[in-house]
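Below you'll find the structure, written out as C-alpha cells, and then a few comments.
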Amino acid sequence: MKQALKLTTTVLSSFAVMIVLFAGCATTEEKKPDPSEANIKAYSHVWDEIMNKGKLDMFNDSNFTKDVVMHASPADIVGIDSSRAYYGNFLTGFSNIKFTIKDIFGQGDKLVKYWNFKGTHTGVFFGIPATGKPVSIDGTTLVRMSNGKIAEERDFFDNLDFMTQLGLMPPAGQ
C-alpha cells in the first residue's frame, strides 16, 4: 500500500514537472499594446489647444495626416490647410469658447468622442453675421487615427438646435 502510494506520488509529481516544462517551452504570441490610450491623450490635447486656446497652428503634420478628412456637408474637408480654415470659422465666429470632451473611448486606431461646444456668436461664422446669442451644443465625433495622428473625423450634432440657438430658425412648434 505504501509502495503504491509512493509510486502514485512519484508519477503525479513527474507528470506535474513535465507539464510545467512543456508550458515553459511553448511559444506565446506577444500582444501588441493597444494604442487607444496614447491616441486618446494626443487627440484630446490637440482639440483642447485648438478650440479652448485658439491655436490653429496645431493643424500641422505632427498632429494630422497630410490627407486628413473631416466629413462635412455639403462636401468633405480634405487636408491640413482646409481643416485649419474650416475650424478657423468657429474661432472667429464665437467668443468665450469652452470646448469640453465629456467622454472619449477607443479601440486601436478608432475613437469615439462625446463633446460640448459653448460660445457666444460675436463674429462672422461661415458667412452668418454675429447674432450675439450664446450656444451650447452637444455632439459626438467618430475618429480614425493613423500612427498617432488624426486621419479622419465625422461629427454628429443637432444642427437644427444649433441654428435655433443662433436665432436663425424658430423654436420647434412655432
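Take the sequence shown: its letter number 97 is residue 97 in the numbering used here, and every next letter is one higher.
C-beta atoms are modelled at their ideal positions from N, C-alpha and C, and glycine is treated no differently.
Asked: Identity of the residue in P171, K149, M163, L168 nearest I80 by Cα; Found: K149
Asked: Between the CA atoms of G173 and T122 - distance to the nearest angstrom; Found: 27 Å
Asked: For Y114, the residue or residues it bridges with in DSSP; Found: D103, T140
Asked: Separation of L142 from D158, as counted between CA atoms; Found: 15 Å
Asked: Between the CA atoms of K32 and S73 - distance to the nearest angstrom; Found: 37 Å
Asked: Between the CA atoms of T92 and W47 - distance to the nearest angstrom; Found: 16 Å
Asked: Own chain residues within Cβ distance below 7 Å of A151, not counting five before or after; Found: T65, V68, R144, M145
Asked: Residues of its chain near L56, where Cβ-Cβ distance is below 8 Å and the 5 sequence neighbours each way are ignored; Found: I50, R84, Y87, G88, L91
Asked: Cβ pair I137, S44 closer than 9 Å; Found: no
Asked: Heavy atom of the ligand ADP within 8 Å of N60 beta-carbon; Found: Of ligands this structure carries none, so the ligand ADP is not represented either.
Asked: Same chain only: Cβ atoms within 7 Å of V11, ignoring 5 sequence neighbours per side; Found: In this predicted model, V11 has a pLDDT of only 49, less than 50, meaning its place in the structure is not dependable enough to derive any value.
Asked: Counterpart residues of G119 in DSSP-defined beta bridges; Found: V135
Asked: Euclidean distance between Cα positions of D34 and D109; Found: 9 Å
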